[in-house]
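For the record, in the sequence shown the residue sitting at position 123 is 122 according to numbering that gives the first Met the number 0, with numbers rising by one throughout.
Input: a single structure, listed below in structure tokens.
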Amino acid sequence: MLILNDPLTGYAFACLEASRISAMRTAASAVLGARWMNRHQRHVGRMAFIGAGFIARTILDMFVSDGWTMDAITVFDQHDDSALALVRHAASRHQLNSQPSDLPTALQADVVVFATTAPRPYVLEPLLRPGQLLLNISLRDLGPDVIAQANNILDDVEHCLKAQTSPDLAVQQYQDRSFIIGTLAQLMTGQVELSPDRASIFSPFGLGVLDLAVGQRVYRQAVAEGSAFPVPTFFFEPKRW
Numbered sequence: 000m001l002i003l004n005d006p007l008t009g010y011a012f013a014c015l016e017a018s019r020i021s022a023m024r025t026a027a028s029a030v031l032g033a034r035w036m037n038r039h040q041r042h043v044g045r046m047a048f049i050g051a052g053f054i055a056r057t058i059l060d061m062f063v064s065d066g067w068t069m070d071a072i073t074v075f076d077q078h079d080d081s082a083l084a085l086v087r088h089a090a091s092r093h094q095l096n097s098q099p100s101d102l103p104t105a106l107q108a109d110v111v112v113f114a115t116t117a118p119r120p121y122v123l124e125p126l127l128r129p130g131q132l133l134l135n136i137s138l139r140d141l142g143p144d145v146i147a148q149a150n151n152i153l154d155d156v157e158h159c160l161k162a163q164t165s166p167d168l169a170v171q172q173y174q175d176r177s178f179i180i181g182t183l184a185q186l187m188t189g190q191v192e193l194s195p196d197r198a199s200i201f202s203p204f205g206l207g208v209l210d211l212a213v214g215q216r217v218y219r220q221a222v223a224e225g226s227a228f229p230v231p232t233f234f235f236e237p238k239r240w
């Protein structure tokens, strides 16, 4: 649930179901990061999804909406039915060549999207290749050695280096931040560059204020279209006196 409050009075003026808002913001952040880290090239040979739930589906839809093309899609999930569901979605909704795969095969894709609920790292060996792009959306899939061998771009450095995320664990292990190149904003403004002889990893912790921004836009559009549902007597006393 997302509550929007009037900054002048403190009263809530809108209540929105937030799962779709959060998913769309997550997907938009992932695709924006991919575009800049892939040097604005929006074609890849093979894209892999590790984790095949709602977030993965939304990210795939966002890639297509942003004009990306892929020669092939591979999907790995511990639950075969979920992997097959995303494969069918990619084929039927977007006419993409898609198939399920095992984890080692998925990890060799040109772009790898991690969208799992893993509580701790399970990809421990740094078997990445230069130019490969990993979107570390679920934040805890990659071990410290994998992080340390790549270009790392975060959405907010201090925000991301907590809660046992993959970058956090890497900094704890190595007591060093030199593998963190900078933020996505710094990459977009030319303040930092990616080394071409390494793989690159984007780890967006997620900024809640962006959900508020998307929610405000949804609210305004709903009001303009007449699809919002006003509840005029929601507050018992909207005035102090």
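Built from N, CA and C at the ideal position, the CB exists for glycine as well.
Contact check, residue i vs residue j, beta carbons under 8 Å
i, j, result
"P166", "L153", "yes"
"M23", "V213", "yes"
"V111", "F62", "no"
"F204", "H158", "yes"
"E54", "T25", "It should be pointed out that residue 54 corresponds to Ile in this sequence rather than to Glu. A contact, by the Cβ cut-off of 8 Å."
"Y173", "A147", "yes"
"V217", "I20", "yes"
"R41", "D80", "no"
Straight-line gap, residue i to residue j (C-alpha atoms, nearest Å)
i, j, result
"R119", "S137", "10 Å"
"D101", "Y10", "51 Å"
"W35", "A198", "14 Å"
"R219", "A184", "27 Å"
"A117", "P229", "40 Å"
"N151", "N135", "10 Å"
"F201", "G130", "13 Å"
"D60", "A105", "19 Å"
"H39", "L95", "21 Å"
Cβ-Cβ separation, residue j to residue i (assumed contact under 8 Å), whole Å
i, j, result
"V191", "I180", "5 Å"
"V74", "A51", "5 Å"
Other residues of its chain near residue i: CB distance less than 6 Å, five sequence neighbours each side excluded
i, result
"G44", "D70 and D109"
"A162", "none"
"L15", "L1 and G214"
Cut-off 7 Å between Cβ atoms - residues of its own chain near residue i, not counting five sequence neighbours on either side
i, result
"R176", "V170"
"R56", "L85 and H88"
"R128", "A198"
"H93", "V63"
Residues near residue i by beta carbon distance below 8 Å, same chain, minus five either side
i, result
"A17", "M0, L1, D210 and G214"
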